[in-house]
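The structure appears right after this line, and notes come after that.
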Amino acid sequence: MNSQDEKSTPTLTAEAAVIPAHPPKKQRQAAQQVPPPVTPSVASITELTNRLSEYLSASDLKLVKEAYRFSDEMHLGQVRKSGEPYISHPIAVAEICAEWKLDVQAIMAALLHDVMEDQDVKKEELIERFGAPVAALVDGLSKLEKIEFQSHIEAQAENFRKMLLAMARDVRVILVKLADRLHNMRTLGVMSAEKQRRIASETMEVYVPIAHRLGLNNIYRELQDLSFAHIYPLRYRTLAKAIKSARGNRREVVNKIMAAVKTTLSEAGLDAQVDGREKTLYGIYCKMRDKQLSFSQVLDIYGFRIVVDNFQNSYYALGTLHALYKPMPGKFKDYIAIPKSNGYQSLHTTLIGPYGTPVEFQIRTKEMHRVAESGVAAHWLYKNEDASLTDLQQRTHAWLQSLLDIQKQTGDSAEFLEHVKVDLFPDSVYVFTPKSKIFALPRGATALDFAYNIHTDIGDQAIATRINNEPVPLRTELKNGDIIEIITSPNSRPTPNWLTYVRTGKARSAIRHYLRTINLNESTELGKQLLAQALVSLHLNPDLPDALVDKLLNESSANTLEELHTDIGIGKRMAALVARHILDLVENDSPSIPFQHLGDEKLSKPDPVIIYGSEGVSVQLSPCCLPIPGDSIVGQLKRDQGLVVHSSDCKNAKRLQVKEPDRWIDVTWGDDLNRRFDCRISVIVNNERGALARIAAEIGEADANIIHVNMEDGESKDMTKIHFTIQIDDRVHLARIIRNVKHLNGVSKIRREYS
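When we follow the working numbering, the leftmost residue of the sequence shown carries the number 1302, and every step to the right adds one.
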């Protein structure tokens, strides 16, 4: 929403759907007003102990009070920005955990969660006072000690990695952390506008999807709305005002539907609880943004939840509702038969209510409702009563285990966080193995993602797949209900191109791990050449003295110069940035480092990287333009894909060079090219018998291999367009083929193709 919206009436338009990269200054200043600052109060644990006494024993309550006294003593004199004593925050976090009925160790950790980070209490002291389990929880919740990182982003990524790995060992870590973040978001209004926006963005990006992944829907929805309020305060307030006005206008419709549903269910003999509910502000905003609707066009801002006493009555209630109102085609989803990946179960149906208004209904049992609201926390009290894990616990355990698998294959914290974020998208598709085992994957996942989801070895050796008994490429996106069979070969290996279409963090980390470890020497040599080229362009001698190498390694995460070269070779680091950093070191410490600039008379344009086309995974020829020897070429350094070579006149290359100019380097063809190169050509020919055979024979006569052919209708019904992918030596060879084919009878046009 733009600044003018502040003065308009509370009717939102599709303009509100446009999200600026940074909210305008006036909008950022307004963030301080949403929500209003909390009123300072005296901290007390009376309410907490009253709530805990409902399910904890007297001995457990005594332990909680000991943890409170220690935390209160450690935080004595410390106040929050609101002016409240700091201890009020750990108490509030513990109260949120008590709502989930978490055990005594988690409640104690909630009260103690900041003592290590803020008051420098050692883990050993916590072990001695409160035991190892509580100390491990607090340690998992604490940020890393004051280690020097190259950037705030790197520090945050490392902290997230620590937290997520602690969560993989004990899910209570993230439950307490989410409670901590929820209370911080509720009291965020006292922070500066810039800090509000940064914390809210971080919450929306990381903590909201984690809450959803664990099925904590109440927290998920509240964190979404609080984040929305602080990232886009003007949009939030205008939309809230519009909904408040709409409540009065739509009350008659809601009451009429509520009365009709209750009466119909009662007449059917169903004992059901019926609640009307309003969609969240953020949910309505997303619908407006994604579908480019004004607020008045969003009809289904209200929904109804029906809670019945058993599984069978869920479907009975569904049939009863469909008899009352007509269902909208394609708007029924059975999440009871196939639960969401976070354990959520309900029947969803959208009906055409009075006045033609679409109304969404959710139908579930009491147990399903408990899980829908509290997710994995709903099972916490019962974890020891039954030796078998629930479906939700099994799914959660599998996801947490996948975090550990990704960690083993990941090079650094930023990459680890990137992979985890990929897996936190809430939308899923549900697919089956030939033996009817069901898997949930993120929407957009491919058959190759499915292969890696089964096992890393199956992914690494995948060569083809059948979906619903039809052979399809590995890059095919999966749809709900697909039955997938993966075909493997012990000779198959991952290629960098796979990274362009896999969707899940597990697949991406496994492919990158393979590419990083295979052909390591080749990547190292390429990185060395690229760094030397970048140093020469800055008038620096590429032969670095030991003192400079030591200082460079001390300020980076690489342990050796070879590791630094490897990172550059696989595209993880940019040679130009490393070279500039070396220049800064030389200029700042020139007295202590025996190093000289190259004189201008010695400086020339750095030699381009030589391409032979037979390199391994560290050098690829771009599939968009398929460069061949004789073409003018440029090189693009892509993260974890190494060097990608494009033709200089490639449209994709020109567009990307504008966006990331620092990632492009000069490359040239080598002299001894002992391989053939793929090239695409298209031929427009008269639609007559034998045309394809004549062209194929001419290509073969010119000593070229045909590796793919497909045909389509030409511009007129008398013409056919034939696309060939052929293997040739160079541009001279291609020119000879084009000349020979062009002279064939019936051929009207032939040209080289680029995608």
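For every residue, glycine included, the Cβ atom is placed at its ideal position computed from N, Cα and C.
Residue burial classification, residue i (beta-carbon count within 10 angstroms, cutoff 16)
i: SER1452; result: Below a pLDDT of 50, predicted positions are generally treated as unreliable, and SER1452, at 44, falls in that range; no measurement from the model is reported.
i: ARG1990; result: exposed
i: LYS1939; result: buried
i: ALA2036; result: exposed
i: GLU1446; result: Only weak support is given to the placement of GLU1446: the predicted model assigns it a pLDDT of 42, under 50, and the value that follows is read from those uncertain coordinates. Exposed, by the Cβ-count rule.
i: ASN1781; result: exposed
i: GLN1305; result: Any reading at GLN1305 is ruled out, since the residue's pLDDT is 37, under 50, leaving its predicted position unreliable.
i: ARG2052; result: exposed
i: SER1372; result: buried
i: ARG2040; result: exposed
i: HIS1441; result: Sequence inspection shows Gly at residue 1441; the His mentioned does not correspond to that position. Counting Cβ neighbours within 10 Å, GLY1441 comes out buried, since at least 16 surround it.
i: LYS1402; result: buried
i: TYR1656; result: exposed
Best match in the options for proximity to residue i [C-alpha to C-alpha]
i: HIS1623; options: TYR1586, LEU1594, GLN1663; result: GLN1663
i: VAL1474; options: VAL1608, VAL1850, ALA1395, SER1838; result: ALA1395
i: ILE1869; options: LEU1827, ILE1739, GLU1961, CYS1587; result: LEU1827
i: ILE1759; options: PHE1740, THR1350, SER1793, SER1528; result: SER1793
i: ASP1847; options: ARG1981, THR1861, HIS1756; result: THR1861
i: ARG2057; options: PHE1733, ILE1739, PRO1743, LEU1742; result: What the structure shows of the chain is the stretch from 1302 to 2056, and residue 2057 is not part of that stretch, so it cannot be assessed.
i: PRO1735; options: PRO1743, ARG1744, ILE1755; result: ILE1755
i: ASN2006; options: THR2021, VAL1472, ARG1744, ILE1982; result: ILE1982
i: SER1647; options: GLY1516, GLU1553, ASN1822; result: GLY1516
i: LEU1483; options: GLU1426, MET1505, VAL1555, LEU1800; result: MET1505
i: PRO1795; options: TYR1815, VAL1803, MET1589; result: TYR1815
i: LEU1927; options: ASN1611, TYR2055, GLU1668, ARG1370; result: TYR2055
i: ILE1812; options: PRO1797, THR2026, VAL1439; result: PRO1797
i: LEU1779; options: PHE1740, SER1790, GLU1863; result: PHE1740
i: ALA1835; options: ASP1851, ARG1874, GLY1806; result: ARG1874
i: ARG1881; options: LEU1839, ALA1997, ARG1514, LYS1423; result: LEU1839
Span of the beta strand (DSSP E), counted from its first residue to its last, around residue i
i: ASN1987; result: 1978-1987
i: HIS2057; result: Since the first and last residues shown for the chain are 1302 and 2056, residue 2057 lies out of range.
i: LEU1776; result: Just to set this straight, residue 1776 is Arg in the shown sequence, not Leu. ARG1776 -> no beta strand (DSSP E), and no H or E assigned at all.
i: TYR1617; result: TYR1617 -> not in any beta strand (DSSP E); alpha helix (DSSP H) instead, spanning 1612-1625.
i: THR1861; result: Per DSSP, THR1861 belongs to no beta strand (DSSP E) and is neither H nor E.
i: PRO1930; result: Per DSSP, PRO1930 belongs to no beta strand (DSSP E) and is neither H nor E.
i: GLU1579; result: 1574-1579
i: GLU2024; result: As written in the sequence, residue 2024 is His, which differs from the Glu given in the question. Here the beta strand (DSSP E) through HIS2024 covers 2020-2029.
Unbroken alpha helix (DSSP H) run spanning residue i, endpoints
i: PRO1434; result: 1433-1442
i: ASN1485; result: 1473-1487
i: THR1651; result: Unbroken run through THR1651 is the beta strand (DSSP E), 1648-1653; no alpha helix (DSSP H).
i: ASN2006; result: Note, ASN2006: premise wrong, no alpha helix (DSSP H); beta strand (DSSP E) at 2006-2014.
i: GLY1490; result: Unbroken run through GLY1490: none, as it is neither H nor E.
i: PHE1529; result: 1518-1532
i: SER1345; result: Neither: SER1345 is in no alpha helix (DSSP H) and is coded neither H nor E.
i: TYR1586; result: 1582-1592
i: GLU1495; result: 1494-1503
i: VAL1887; result: 1876-1889
Residue i vs residue j beta-carbon contact at 9 Å
i: THR1488; j: HIS1376; result: no
i: SER1493; j: ILE1532; result: no
i: LEU1535; j: LEU1582; result: no
i: PRO1628; j: ILE1607; result: no
i: SER1933; j: SER1949; result: yes
i: PRO1930; j: ASP2030; result: yes
i: THR1969; j: VAL1910; result: yes
i: VAL1879; j: LEU1854; result: no
i: VAL2042; j: ILE2008; result: no
i: GLN1406; j: VAL1380; result: no
i: LEU1831; j: ILE1966; result: yes
i: ALA1673; j: ASN1518; result: yes
i: PRO1743; j: ARG1804; result: yes
i: ASP1361; j: LEU1353; result: yes
i: ILE1428; j: LEU1479; result: no
Q) Would you call the stretch 1942-1956 and the stretch 1971-1989 in contact, with 3 or more CB pairs under 8 Å? A) no
Q | Three-pair Cβ contact test at 8 Å for the stretch 1654-1669 versus the stretch 1614-1622 | A | Flag = yes, the stretch 1654-1669 and the stretch 1614-1622 touch.
Q. Do three or more CB pairs link the stretch 2038-2056 to the stretch 1982-1998 at distances below 8 Å?
A. Verdict: yes, contact present.
**Q.** Cβ contact (3+ pairs, closer than 8 Å) linking the stretch 1746-1763 and the stretch 1771-1791
**A.** Touching, per the Cβ criterion.
Q. Do three or more CB pairs link the stretch 1560-1577 to the stretch 1538-1546 at distances below 8 Å?
A. no
Q: Spell out a yes or no on whether the stretch 1407-1422 and the stretch 1352-1369 are touching, meaning 3 or more CB-CB pairs, one atom from each, closer than 8 Å.
A: yes
Q) Can you find at least 3 beta carbon pairs, one from the stretch 2004-2012 and one from the stretch 1950-1959, that sit closer than 8 Å? A) no
Q. Do three or more CB pairs link the stretch 1631-1639 to the stretch 1509-1528 at distances below 8 Å?
A. no
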